[in-house]
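Peer 1:
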Ligand SMILES: O=C(O)C(=O)C[C@]1(C(=O)O)C=C[C@@H](O)C=C1
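Residue numbers (the UniProt record's numbering): 1 to 108.
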């Protein structure tokens, strides 16, 4: 048996030090992106609140189906542009629209 045979550095007991640092850094990157996503969702909701106010003043309905279709089409186009799954991105936008409608209705 050579010393090499007892070398267990490749036994999978979890990531080594450099891999761990790399993983931590990547997770920090995700954490910061996640914060930005929530900030953008909040911004989108605030703008929708302003839209809701304008609609109320003009006696318009909360739901605007043609606008929803335009938002969904754009979501699909942007997903393709950034090479992410269009159906998944559209599902997220569907939720964002529903979130706004619940918010807009609660203020009527
Ligand atoms: O553009 C509007 O009229 C909105 O109220 C915003 C929004 C959206 O979240 O994109 C929400 C509800 C409408 O049915 C259409 C679009």
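Heads up, the beta-carbon is just placed ideally off N, CA and C, and yes, glycines get one too. Here the structure is a predicted model, which is why all the values come from computation and not from measurement.
State buried or exposed for residue 5, treating a residue as buried only when at least 16 other CB atoms are found within 10 Å of its CB.
Peer 2: Position 5 of the chain shown, counting from 1, holds the residue named residue 5. With a pLDDT of 49 at residue 5, under the threshold of 50, the modelled position of this residue cannot be trusted, and the question is left open.
Peer 1: List, from N- to C-terminal side, the alpha helix (DSSP H) runs of 4 residues or more that fit wholly inside the UniProt domain "Chorismate mutase" (17-108).
Peer 2: Within the UniProt domain "Chorismate mutase" (17-108), the complete alpha helix (DSSP H) runs of at least 4 residues are 17-57, 65-81, 86-106.
Peer 1: Taking just the CA atoms, how far does residue 23 sit from residue 70?
Peer 2: Along the chain shown, read from residue 1 onward, the residue named residue 70 stands at position 70. Along the chain shown, read from residue 1 onward, the residue named residue 23 stands at position 23. Near 39 Å, if we compare the C-alpha coordinates of residue 23 and residue 70.
Peer 1: Looking at residue 48: is its Cβ nearer than 8 Å to the Cβ of residue 103?
Peer 2: Along the chain shown, read from residue 1 onward, the residue named residue 48 stands at position 48. Along the chain shown, read from residue 1 onward, the residue named residue 103 stands at position 103. The answer is yes: Cβ separation under 8 Å.
Peer 1: For ligand 1, is there a heavy atom less than 7 Å away from the beta-carbon of residue 40?
Peer 2: Against the chain shown, residue 40 aligns to sequence position 40. Incorrect: residue 40 has no Cβ contact closer than 7 Å to ligand 1.
Peer 1: Do the CB positions of residue 62 and residue 101 come within less than 8 Å of each other?
Peer 2: On the chain shown, residue 62 is found 62 positions in, with the first residue counted as 1. On the chain shown, residue 101 is found 101 positions in, with the first residue counted as 1. The answer is yes: Cβ separation under 8 Å.
Peer 1: Figure out for me which residue from 83, 76, 82 has the closest Cα to the Cα of residue 90.
Peer 2: For the purposes of this step, residue 90 is taken as residue 90 along the chain shown, with counting starting at 1. For the residues 83, 76, 82, the minimum Cα distance to residue 90 belongs to 76.
Peer 1: Compute the Euclidean distance between the alpha carbons of residue 42 and residue 60, then round it to the nearest angstrom.
Peer 2: Numbered from 1 along the chain shown, position 42 holds the residue referred to as residue 42. Numbered from 1 along the chain shown, position 60 holds the residue referred to as residue 60. If I take the Cα positions, the gap works out to 23 Å.
Peer 1: By the 10 Å Cβ neighbour count, where 16 or more other Cβ atoms means buried, how is residue 73 classified, buried or exposed?
Peer 2: For the purposes of this step, residue 73 is taken as the residue at position 73 of the chain shown. The residue is exposed, with fewer than 16 neighbouring Cβ atoms inside 10 Å.
Peer 1: Do you know how far the Cα of residue 65 is from the Cα of residue 18?
Peer 2: By 1-based counting over the chain shown, the position of residue 18 is 18. By 1-based counting over the chain shown, the position of residue 65 is 65. Near 51 Å, if we compare the C-alpha coordinates of residue 65 and residue 18.
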